[in-house]
Amino acid sequence: MTQIATVLIPAFNEAAMIGRTLAALDDPRLRLVVIANACTDDTADVARRAAPRAIVLETARPGKINALNIGRFCTLPDLPVVFMDADLDTTPAQIAMLLAALDHAEAACGRMEIDTAGCSPLVRAYMRAWTLNPYFEKGKFGGLFAVSAMAAARLFPLPQVTADDEFIRRSFAAEDIAFVPDCSFTARAPRDLATLIRVRRRALRGAHALSGTGQRRGSGARAMLRHALPRPRLWADLAVFVAVMALVRLQLALEPATAATAWERDTTNRPVELHR
Amino acid sequence: MIFATVGTQLPFDRLLSALDGWASANPDVPVIAQTGQTRTPFSHLQCQAHLDQDGFAAMMAQAKVIVAHAGMGTILSAAEAGKPLILMPRRAAFGEHRNDHQLATAAEMAVLSNVTVIEDAADLAPALQDALAGGETVQPRLPAIASAPLLDALKAFIWNEDSRPIRSSRAIGSGVRA
Chain A
50 MTQIATVLIP AFNEAAMIGR TLAALDDPRL RLVVIANACT DDTADVARRA
100 APRAIVLETA RPGKINALNI GRFCTLPDLP VVFMDADLDT TPAQIAMLLA
150 ALDHAEAACG RMEIDTAGCS PLVRAYMRAW TLNPYFEKGK FGGLFAVSAM
200 AAARLFPLPQ VTADDEFIRR SFAAEDIAFV PDCSFTARAP RDLATLIRVR
250 RRALRGAHAL SGTGQRRGSG ARAMLRHALP RPRLWADLAV FVAVMALVRL
300 QLALEPATAA TAWERDTTNR PVELHR
Chain B
56 MIFATVGTQL PFDRLLSALD GWASANPDVP VIAQTGQTRT PFSHLQCQAH
106 LDQDGFAAMM AQAKVIVAHA GMGTILSAAE AGKPLILMPR RAAFGEHRND
156 HQLATAAEMA VLSNVTVIED AADLAPALQD ALAGGETVQP RLPAIASAPL
206 LDALKAFIWN EDSRPIRSSR AIGSGVRA
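In the order they appear, the protein sequences are chains A and B. Going from the first sequence to the working numbering is simple: count from 1 and add 49. Going from the second sequence to the working numbering is simple: count from 1 and add 55.
Given below as structure tokens:
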């Protein structure tokens, strides 16, 4: 069967998640390349069992950027490259929609839905407010997106930045990114607020680091406030959102310049034992 | 997945062309190749002129079979990873190297249980089928750290009076004085 794209899936201790992610993607038209980086669990073995056709690479060096840069050695030549997080739910049909959009764009992203099942009420409130961001309406560039073969050749090797998705998004002019509203994928939200704060802190720190790299800056959250202010039923959600962001910004402002290069991530969705 | 490496310097199109032919007939098996300097396109291989150390290690670890020129670096890496290795020595007669030392290397390495030496392109396909059919047989891994007896033997060899190249160092010294 003719292959249509390579899907690069970096994975760091994703044994609890990656089986489900890959099982949903098993399609001979897609070359799946999983890059298990610095894993201390059996991510690679779980991946091989879930998708026997996938190329599962293992590297001792940590980092998503490094993983992507290794994975690119296995990309099919002259075909688009799909970037995908290991903890998302999507299907080959959704990915095919993204790829179709590359006929007239350099990059394509879909619509991210957030699964808040099992999350605390505060996390749900935050997520309701967050998804008001016009960023979401225009498509969420992150988690899952595709770039053309030519764009991939230009992007790689990726520089060492924390905000990898954001770096790639800002490498394209807005008009070169296609938003495919019919392509949806589901991200699993952190279960509790403390984890959410940790993950947001990492995202924002990465975005700040990018401002220094001469990349285009993203638009702010002002449009989001404009949307919510005339709608009182959203105020409580918005208050949670603003409080979380204020706390995150305060923490980052108080952080020494050299602090916390550790990858702050959501572990509440991962090892099931933690919830027992 | 098959990983091919012909080093990062001289081209070795005779091997890569043979592999490209095999890959076109076996589209289900991805073939990743570190090709070094070559201008020849190989449309059925995923080619990189040069892989960094992490990339090289990751490909070695994942590959089911390694196909390579008879370079010592590759032979040691494959032995360390415990992978079946198909070697095709470069030949000076074809302009693939400055001399035929890879013939000698390959001949010596052919005794290793994971190594198959092939002379020319026609031998590649059968060698690959054999190696792939070998399934999951675990090859003996070469430890990354030398054993104490080996180190002792090496030390004894290096520091032994009889084997120390005293005469040549004297010759250099007298040359300087002269």
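Just so you know, even glycine gets a beta-carbon here, dropped at the ideal spot from N, CA and C. The model shown is predicted, which means the values in this text are computed figures rather than measured ones.
I'd like to know if residue 103 of chain B contacts chain A, where contact means its C-beta is closer than 8 Å to some C-beta of that chain. yes
Looking at C-alpha atoms only, which residue of B:203, B:161, B:64, B:172 is the closest neighbour of residue 94 of chain B? B:64
Taking the Cβ atom as the reference point for each residue, do residue 59 of chain A and residue 135 of chain A lie within a distance shorter than 8 Å? yes
Please state the DSSP three-state secondary structure of residue 86 of chain A. strand
From the DSSP output, in three-state form, read off residue 241 of chain A for me. coil
Can you tell me the Cβ-Cβ gap for residue 192 of chain A and residue 234 of chain A, rounded? I've got them flagged as a contact below 8 Å. 6 Å
Secondary structure at residue 160 of chain A, three-state DSSP: helix, strand or coil? strand
Terminal residues of the beta strand (DSSP E) in which residue 77 of chain A lies: No beta strand (DSSP E) holds residue 77 of chain A; DSSP gives it neither H nor E.
Which term fits residue 206 of chain B, buried or exposed, when burial requires 16 or more other beta carbons within 10 angstroms of its beta carbon? exposed
Checking the sheet assignment: what are the DSSP bridge partners for residue 107 of chain A? A:85
I want to see whether chain A comes within less than 8 Å of residue 56 of chain B, judged by CB atoms only; does it? yes
Under 7 Å Cβ to Cβ from residue 272 of chain A, same chain only, skipping five residues before and after it: list those, please. 183
For the ligand ADP, I want to know if residue 133 of chain A counts as a neighbour, meaning its beta carbon is within less than 7 Å of at least one of the ligand's heavy atoms. Of ligands this structure carries none, so the ligand ADP is not represented either.
Within 8 Å, do at least three Cβ pairs link the stretch 66-86 of chain A to the stretch 160-180 of chain A? no
If we ignore side chains and look at the alpha-carbon of each, how far apart do residue 112 of chain A and residue 279 of chain A end up? 42 Å
Could you name the residues of chain A that residue 87 of chain B contacts, counting a contact when the two beta carbons are closer than 9 Å? 104, 122, 123
DSSP-derived helix/strand/coil call for residue 121 of chain B: strand
With 16 as the cutoff for other CB atoms within 10 Å, does residue 265 of chain A come out buried or exposed? Residue placement at residue 265 of chain A cannot be trusted, given a pLDDT of 47 that sits under 50; what the coordinates show is reported in the next sentence. Label assigned to residue 265 of chain A: exposed.
Residue 80 of chain A touches chain B at which residues, Cβ-Cβ below 8 Å? 85
Using three-state DSSP, classify residue 233 of chain A as helix, strand or coil. strand
Does DSSP put residue 64 of chain B in a helix, a strand or coil? coil
My understanding is that residue 54 of chain A touches residue 130 of chain A, with C-beta atoms under 8 Å, so please give their C-beta distance in whole angstroms. 7 Å
Using a Cβ-Cβ distance under 8 Å, would residue 62 of chain A count as near chain B? no
Determine whether the Cβ of residue 115 of chain B lies closer than 8 Å to any Cβ atom of chain A. no
What's the C-alpha gap between residue 263 of chain A and residue 144 of chain A? Annotation note: pLDDT 47 at residue 263 of chain A (below 50); position unreliable, no value reported.
Which residues in the same chain as residue 165 of chain B place their Cβ atom closer than 6 Å to its Cβ, once the five residues preceding and following it in sequence are excluded? 172
So, with DSSP's three-state summary, where would you put residue 168 of chain A? coil
With a threshold of 8 Å between beta-carbons, can residue 110 of chain A be considered close to chain B, or not? yes
Express the C-alpha separation of residue 183 of chain B and residue 71 of chain B in angstroms, rounding to a whole number. 13 Å
Quick one: is residue 74 of chain B near chain A, going by C-beta distance under 8 Å? no
Indicate the three-state DSSP secondary structure (helix, strand or coil) for residue 208 of chain A in the structure shown. coil
Out of curiosity, what's the CA-to-CA distance linking residue 241 of chain A and residue 169 of chain A? 6 Å
Go ahead and pull the three-state DSSP assignment for residue 213 of chain B. helix
What's the gap between the Cα of residue 159 of chain A and the Cα of residue 305 of chain A? 36 Å
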